[in-house]
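See structure below.
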Amino acid sequence: MSRTTLLLVALGTAALATLASCGGGPETAPLRVYRHSLDEAPTSLDPVHAATVYSNYVIRAAYDTLYAYEYLARPYELEPNLAAAMPEISPDGLVYTIPIKQGVRFVDDDAFPHGKGRELTAQDVIYSIERHFDPANRSEGQWLWRDRIAGLDDWGTSGANYDADVAGLRAIDSHTLRIELTRPYPQLPHTLAIGFAAIVPREAVEHYGPEIGIHPVGSGPYKVESFDTAKAVLSANRAFRQESVDIRAEGYDESLHAFTHVAAIDGRAPPFLDGIEIHFIPDATSRMNSFEKGNEIQFTELRNEQADAVLASRNPPALLPAFAQRYDLSAGLEAGFLYLTFNFDFPEIGRNADPERAARNHALRCAMIKGFDWKARNDTFYFGLGRVFPGVIPPCRPRVRSAAFDDERRARCRGGAQAARGRRLDRGESPRARLRRHGHGESPADVRAVPRLHGAHRLSAGEDRVEALSHLRRSPGRVEAEPAPARLPQLVARLSRRGERAPALLLAEPVARLERLELLQSRVRPALRAVLRHAAVAGAHGDLPPHEPDAHRRLRRDQRHRAHAHPALAQERDRVSGSRDPRRLLPEVRRPRALMHYALRKLAGAVTLVLGVTFVSFLFMVWFAPDPTYKLLGKNPSAAQVEQTRQLLCLDCPFPVRYLRYLGELSTFDFGNSWSSGERVSRLLARTMPVSLALLAPGFVLGNALGLLLAMVAAHWRGRWLDRLIMACAVAGMSVSFVIALIAFQVVFSSSYGLDLFPVRGWDVHDFGDYLRYVTVPTLATIFVTLGYNTRFYRAVLVEELGRDHVRTARAFGASTPEVFLRNVCRTLPSPSSRACSSRFLSS
Amino acid sequence: VIGGSLLIESYFGIPGIGKATYEAIGAGDQPVLKAVVGLTPVLFVVALLLADLFSHALDPRVELR
């Protein structure tokens, strides 16, 4: 069954329609930029990796191919593009002679001498095809020409020397190409029309190396200005050869295409636009929101689940009136089909040695085929627009893929079948056993090894440090026997020399004294406050007496009853605060050398941690990861190509070699180039990290600040209705999934259905205003999702702090609530919260 | 930075490290994965160290040991 797609085009067609009326030159008219959307991103723009529709979409705009398909004709018709004419084919069908247009130039690029693009020649076409056979390129399109072009396979296996000649690929002159085949291959011109055959200049490949995947240098109508997996930005190549479009020759049909206004390009030469932005938006909701916004993307594919909200009727497809006013709808068959297959290797349903069973299996298969309701599937998943057809006729049956590969595989299948034949059909056999019997599941990366390692390393710096802190709190008092205040400075000096922690223990002494005095007089409060301030803070990390459940109540009761001054207080006040500023009691402990020692010690300890974590993560993410070779090589690699790639990437190296290499990479911070886009990993990190930091920092800071504020309120009115309300909201907020919050915030703040205040999506930041526009909605969503957690965290910390003796003392002295929070509680917060924050920021 | 930004960045189409990591996992792009996986604990340790020094700077009585 053919799959269909529905496409909604908004302003794109309007932009094309206005072209005819645009009289002014490009320098006077505003930039005409068309914003397209695709539901997935290409991984690389290197033609050797042009395996997907998505990469072809961009590659075909940036590069030239010898042939192309007529723009509007369906079924597809081939036409010359960079070639001056269709190929001249020898009678035996083995030699193709292709003339190439004169005067075609590559875009200007740093790769060329003086940055000026040079003329494209037949040699460039040869180079571009040869690249697919160079093992270092891990081509995904090699299968197109494998075993087809004389001498090309051998050229690849014998070192891929680009200066050596290949018998089957010759330039007769600078603009005539001669391709000699090993056997007739009528599809050859078609292979020269797809992205794999795009023509790449050698200078650019040598200049950019693997990064050619993100820096295309071609001769197409557009030049790629920037590319990442979120967006590709293309600008018009003004030097593109001037060839006007004959819309009739491109298959224009008034009845089919009139509504698209595509006739406006008739007689004009591409590029028709100043720029194209292609946004890669996998999420359908986000894409639709952006589309309906009006000033973002101008094209979207319609998902089946959105049909009822948009379509008045499915077959023929028609938009609801509200949409029909604003958008054009285009529906077409996709160049793909869908089918279900039976695995004949399974004797339960496929071939069976027992003739009776085989006949029953056949009947079963027929019943399943007949029982499948394709119409229902078509209606449910493809708008009812697909065409159900009775069987699959493959366009061409691949002869033999690779002798070695196929022999091995055939032997395995045969072995499996024999084993199955010799064995009674055992219904109780496990799927794993069955797979193994068929030769699967014996790879070294078998997942059964995983559980043994699980839970082996649960180390983190945070836990270690928290343990140290709690130990500090638990340690019994180190207060030396009541040092007389007069002796304090000497004691401080002595303890500092011994490197012991002086401040907390020394100030603990005045605390005890003040606590006794506290009940007596409120008039002396201001005078004592200076002492109290330091004493109270000192208690935070000092050695505190065990918590007495009744102490607080008793304190309050006493507070209520306090009435009269005590004459001893005045004396005490003079003695403690008047004669000596307690501030001076704080010795200088911020010694730079100590800090440095500490940092070094910590870092040394961290090496073990990093080694442990990297070992475990390497094990799971790299060593036990599925073999990436097939992903890298596309759908049709040869056995030799798989082998070469494994060797090249050291995927078949033993564990110690790979792990040590990884450590080497880690120590030099040089991870090479990305296997998908070819971008240098260091460049990728430098490009993406600042964006992520800029994106998350505001949400993080505000989320914590707001959480702290709410926690203060809750902690102050602990147990009261306000506290309960805040905590209930916090729990409710924590229960909302992040994804739901993101969607909701996008709809509410950004979409045309909501407040329509911010861009729906994207990151087009050039100045601070842009930054605010793009960062606001993600920030609000982050705050919303983290607020519950933050509030609960800070409330727990605050409640604990508020119950401490020094805080109660401060309270008892009549310090106001804000004062207590600011002076006594908040000063103790940085310790637990800064480490919690730092770890949470990394993991958020 | 990596975990939470993944969702935001994917949904809002923002080219950050979370999105890059997510795509690297999908594509089996080991160099990127190795970099992210290796640098995360390093950053973690550095961040904790900075947090310690920060709280020490604010309140000298928090001991460094």
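Chains A and B, in that order, are what the protein sequence lines are.
Residue 1 is where the first sequence starts when you use my numbering, and the numbers rise one by one after that.
Residue 1001 is where the second sequence starts when you use my numbering, and the numbers rise one by one after that.
In this text, a Cβ means the ideal position worked out from N, Cα and C, and glycines have one as well.
All values reported here derive from a predicted model rather than from experimental measurement.
Please name the residue, chosen from A/Thr121, A/Ile369 and A/Leu192, that lies closest to A/Thr341 on a Cα-to-Cα basis.
A/Ile369
A/Ser682, DSSP secondary structure in three states:
helix
Within the continuous alpha helix (DSSP H) that includes A/Thr791, where are the two ends?
Phe768 to Leu802
Helix, strand or coil: how does DSSP classify B/Leu1006 here?
helix
Can you pull the chain B neighbours of A/Ile281, defined as C-beta to C-beta under 9 Å?
Gly1013
Cβ-based burial, A/Gln142 [other Cβ within 10 Å; buried from 16]
buried
Can you look up A/Glu70 in the DSSP assignment and give me helix, strand or coil?
coil
For A/Val466, I'd like the list of residues in its chain whose CB is within less than 7 Å of its CB, leaving aside the five on either flank, ordered along the chain.
Low per-residue confidence applies at A/Val466: pLDDT is 28, beneath 50, and the placement is therefore not dependable enough to give any value.
For the putative contact between A/Leu66 and A/Leu192, defined by C-beta atoms under 8 Å, what is the C-beta separation to the nearest angstrom?
4 Å
Please name the residue, chosen from A/Ile89, A/Ser313 and A/Ala111, that lies closest to A/Arg183 on a Cα-to-Cα basis.
A/Ile89
From the beta carbon of B/Ala1049, is the nearest beta carbon of chain A less than 7 Å away?
Rather than Ala, the amino acid found at residue 1049 of chain B in this sequence is Leu. Cβ-Cβ to chain A under 7 Å: yes for B/Leu1049.
Going by beta-carbon coordinates alone, are B/Asp1029 and A/Ser226 separated by less than 7 Å?
no
What residues from the segment 653 to 667 of chain A come within 7 Å of chain B, judged by C-beta to C-beta, listed N to C?
Tyr662, Glu665 and Leu666
When you compare each of A/Arg268, A/Phe133 and A/Leu595 to A/Val166 by their alpha carbons, which one comes out closest?
A/Phe133
Can you tell me the Cα-Cα spacing of A/Leu320 and A/Ala312, whole angstroms?
5 Å
Taking the alpha-carbon of A/Arg148 as reference, which of A/Arg687, A/Pro189 and A/Ser816 has the nearest alpha-carbon?
A/Pro189
When A/Ala164, A/Tyr185, A/Val48 and A/Thr43 are compared against A/Pro91, the one with the closest alpha-carbon:
A/Tyr185
With A/Ala236 as the anchor, note down where its beta strand (DSSP E) starts and where it stops.
Lys231 to Ala236
Can you tell me where the beta strand (DSSP E) with A/Ile278 in it begins and where it stops?
Gly275 to Phe280
Using the three-state DSSP reduction, which class does A/Ala705 fall into: helix, strand or coil?
helix
Please identify the residue among A/Asp46, A/Val53, A/Ser244 and A/Ile281 whose C-alpha is closest to the C-alpha of A/Arg35.
A/Ile281
Contact with chain A by B/Leu1006, beta-carbon distance below 7 Å:
no
In chain B, which residues lie with their C-beta within 7 Å of the C-beta of A/Val631?
Residue 631 of chain A is actually Lys in this sequence, not Val. The answer, in chain order, is Ala1027 and Gly1028.
From the beta carbon of A/Phe624, is the nearest beta carbon of chain B less than 7 Å away?
no
Between A/Ala732 and A/Glu800, what straight-line distance do the alpha-carbon atoms span, to the nearest angstrom?
23 Å
What number of angstroms, rounded off, separates the C-alpha of A/Thr157 from the C-alpha of A/Gly151?
10 Å
Assign A/Thr65 to one of three DSSP states: helix, strand, or coil.
coil
For B/Glu1023, the three-state DSSP class (helix, strand or coil):
helix
Whole runs of the beta strand (DSSP E) within the segment 79 to 150 of chain A, excluding any shorter than 3 residues:
95 to 99
CB-CB under 7 Å to A/His49, same chain, minus the five flanking residues each way: which ones, in chain order?
Thr43, Ser55, Glu140 and Gly213
Rounded C-alpha distance that separates A/Asn237 from A/Ile278:
16 Å
Range covered by the alpha helix (DSSP H) that runs through A/Ile743
Phe738 to Phe745
Could you name the residues that DSSP lists as bridge partners for A/Asn673?
A/Arg680
Rounding to the nearest angstrom, what Cα-Cα distance links A/Arg718 and A/Tyr794 in this structure?
13 Å
Complete runs of the alpha helix (DSSP H) confined to the segment 328 to 370 of chain A [at least 4 residues]:
none
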